[in-house]
Amino acid sequence: MNKTIRNTSVFVLLLVLALLGRATWVQAYEARALADDQKNRRNTIAQYAQPLGNIVVAGSPVTGSERSGGGTDLEYWRTYTDGELYAAVTGYSSQAYGATQLEGIYADVLDGTDDRLKNPLDAVTRKQQEPGTVLTTIDPAVQKAAYRALGNKKGAAVAVDPASGRILALASTPSYDPSRISGTNDGTAWKELTGDEDKPLVNRALRQPLPPGSTFKLVVAAAALEDGLYRSVDTATESPDPYTLPHTRTVLRNENASAPCENATIRTALRYSCNNVFGKMAADLGQDKVRAMAEKFGFNDAGLDVPVRAYASVYPSKMDPAQTALSGIGQFDVTATPLQMAMVSAAIANDGLLAAPHMVSEVVDSDGDPLASFEDGDTRRIVSSSTAGQLRSAMVTVVERGTGTNAAVAGAEVGGKTGTAQHGENNSKTPYAWFTSYAKDPSTGKQVAVAVMIEDSGAARSEVSGNGLAAPVAQKMMAAALK
Numbered sequence: 001m002n003k004t005i006r007n008t009s010v011f012v013l014l015l016v017l018a019l020l021g022r023a024t025w026v027q028a029y030e031a032r033a034l035a036d037d038q039k040n041r042r043n044t045i046a047q048y049a050q051p052l053g054n055i056v057v058a059g060s061p062v063t064g065s066e067r068s069g070g071g072t073d074l075e076y077w078r079t080y081t082d083g084e085l086y087a088a089v090t091g092y093s094s095q096a097y098g099a100t101q102l103e104g105i106y107a108d109v110l111d112g113t114d115d116r117l118k119n120p121l122d123a124v125t126r127k128q129q130e131p132g133t134v135l136t137t138i139d140p141a142v143q144k145a146a147y148r149a150l151g152n153k154k155g156a157a158v159a160v161d162p163a164s165g166r167i168l169a170l171a172s173t174p175s176y177d178p179s180r181i182s183g184t185n186d187g188t189a190w191k192e193l194t195g196d197e198d199k200p201l202v203n204r205a206l207r208q209p210l211p212p213g214s215t216f217k218l219v220v221a222a223a224a225l226e227d228g229l230y231r232s233v234d235t236a237t238e239s240p241d242p243y244t245l246p247h248t249r250t251v252l253r254n255e256n257a258s259a260p261c262e263n264a265t266i267r268t269a270l271r272y273s274c275n276n277v278f279g280k281m282a283a284d285l286g287q288d289k290v291r292a293m294a295e296k297f298g299f300n301d302a303g304l305d306v307p308v309r310a311y312a313s314v315y316p317s318k319m320d321p322a323q324t325a326l327s328g329i330g331q332f333d334v335t336a337t338p339l340q341m342a343m344v345s346a347a348i349a350n351d352g353l354l355a356a357p358h359m360v361s362e363v364v365d366s367d368g369d370p371l372a373s374f375e376d377g378d379t380r381r382i383v384s385s386s387t388a389g390q391l392r393s394a395m396v397t398v399v400e401r402g403t404g405t406n407a408a409v410a411g412a413e414v415g416g417k418t419g420t421a422q423h424g425e426n427n428s429k430t431p432y433a434w435f436t437s438y439a440k441d442p443s444t445g446k447q448v449a450v451a452v453m454i455e456d457s458g459a460a461r462s463e464v465s466g467n468g469l470a471a472p473v474a475q476k477m478m479a480a481a482l483k
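Below you can see the structure in the form of structure tokens.
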């Protein structure tokens, strides 16, 4: 063999070895990444090759699947029962735009590709199995009450079982029907939804923190009682009216100028929603103590999964004393989601213990065997039993003789707190209306905690109040939960 042929043979052999090495690398190390690449059309074809598993509310599926018909290589598309009612829970599963909420989190379970659905041989061959099912904690009666009561308002509402942490309702309005964007030819509907200035695709219950206004006063009151700044909700505070913010000439006034807010007790201050009391209380405690209490309730938690990730509610840092005072009335840079404010009332209702909120009870395979379960009553201590009891007593006063009378439920113990949060520079825009509350039925032992936020109702600015707009929504939700 001459030198030229030998060198050529060696070169060709090296090329073959390089190709074999590359093929081995791709098959052994990159195959999974390539298979999971969102641009891989085969994944979408496999996902919709059979009917998807369902998301279930109270034993009945609120999702379904139908054949796509001709003209597409995707055999099935997603359908929804009462889509607008449950959109904040299910999210959407779209052949063109992906999946969100529970549809997105449990996509592998619902399309049958989750490895937990396979036996060892199937896991190797990646054979697609029958899909699993997601069982939610949602109570349809409470969900319907929330959605119907919100009506045409822009807002959100959450209901939680204080003892278990089960989310009973999660509503956001305006809503949308996920069926409109389930297919591959829904571009017009998608543009309409994404271009809508009211943002119907945004889950306001979990993912739009806004200033909570006076509902945050419950957190400040809890901090004051736990710190020992005041012995009880019936101890007179040191609160001049009006109150001048520290190191400024800015006066913090009360909405009701004739309310007995000077040196008022915490009970009276919650009843009349006295800004001077809680502004000074926050300044006296200092931002670190208020923040510590807020964080115990769940503020500043960037990892709150229910299992949908909720945006963090924020209690800020690096404030001066005047800003700290404003934070005490739920203003400055304080923000909260309706879920967060429901958690505040839930912990108070549950004797100071906060149960981890969750809206999925179990994920099961096609035979009903559990793949994952979510424990009820996974609690942590937020405030003492004594503090929780005192705050409940003061919240009852708010509903019985204060600013929250529209939340009363016949035959039940109901405690609540209203809030009207400033919006826009110099409060130039329509305020946000809030209400957070709890209700207990002494005859059955049933209980519920609720938070309602009305971002915009179309009402005149002078007509916006927590009691006028948000409390009636909470009342209907609580009544439904206690039936």
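In terms of the working numbering, the sequence shown opens at residue 1 and continues consecutively. Where is the CB? At the ideal position from N, CA and C, for every residue including glycine.
- Its chain contains Pro-242, Tyr-243, Thr-244, Leu-245, Asn-275, Asn-276, Gly-279, Ala-325, Leu-326 and Ile-329 as the residues whose beta carbon lies nearer than 8 Å to that of Leu-252, once the 5 sequence neighbours on both sides are disregarded; these appear in chain order.
- Taking all protein chains shown into account, Leu-193 has 16 or more neighbouring C-beta atoms within 10 Å of its C-beta and is therefore buried.
- Around Glu-295, the same chain offers Asp-301 and Tyr-315 as residues with beta carbons nearer than 8 Å, after the five sequence neighbours per side are excluded.
- DSSP links Phe-435 through a beta bridge to Thr-418 and Val-452.
- Unbroken beta strand (DSSP E) stretches of 3 residues or longer found wholly inside the stretch 139–168: 154–160, given in chain order.
- Taking Gln-129 as the centre and dropping the five residues before and after it, the same chain places the C-beta of Gly-112, Leu-117, Lys-118 and Asp-122 closer than 7 Å to its C-beta, in chain order.
- Straight-line measurement puts the Cα of Ala-58 at about 14 Å from the Cα of Ala-481.
- Rounded to whole angstroms, the Cβ separation of Val-464 and Thr-430 is 6 Å, and the two are in contact under 8 Å.
- Counting along the chain, Ala-342 sits inside the alpha helix (DSSP H) bounded by residues 338–349.
- Here Ala-205 is near Val-158, since their CB atoms are less than 7 Å apart.
- Every beta strand (DSSP E) of 3 residues or more that sits fully in the stretch 74–127 is shown, in chain order, as 76–80.
- If you check the CB distance, Ser-313 and Gly-352 do not come in under 7 Å.
- Put simply, of Pro-240, Gly-91 and Gly-445 the residue whose alpha carbon is nearest the alpha carbon of Leu-201 is Gly-91.
- Glu-413 carries a strand assignment under DSSP once its states are collapsed to helix, strand and coil.
- For Ile-55 and Asn-256, the gap between their C-alpha atoms comes out near 47 Å.
- Counting only runs of 4 or more residues that sit fully inside the stretch 358–413, the alpha helix (DSSP H) segments are 385–401, in chain order.
- For Val-314, there is no enclosing alpha helix (DSSP H), as DSSP marks it with neither H nor E.
- Residue state for Leu-225 is assigned as helix, using DSSP reduced to three classes.
- Distance between Gln-422 and Ala-407, taken at the CA atoms: about 22 Å.
- The alpha-carbon separation between Gly-21 and Leu-15 amounts to approximately 10 Å.
- A distance below 7 Å separates the beta carbons of Ala-439 and Val-414.
- A direct Cα-to-Cα measurement between Tyr-176 and Arg-78 gives close to 15 Å.
- Between the alpha carbons of Asp-196 and Gly-458 lies a distance of about 17 Å.
- Ranked by Cα distance from Ser-273, the first of Thr-335, Arg-380, Val-344 and Gly-416 is Gly-416.
- In terms of Cβ geometry, Arg-267 and Ala-394 form a close pair [threshold 7 Å].
- The stretch 202–222 makes contact with the stretch 332–350; the number of CB pairs closer than 8 Å reaches 3 or more.
- The straight-line gap separating the alpha-carbon atoms of Val-134 and Leu-469 is approximately 34 Å.
- Between the alpha carbons of Ser-9 and Asp-369 lies a distance of about 59 Å.
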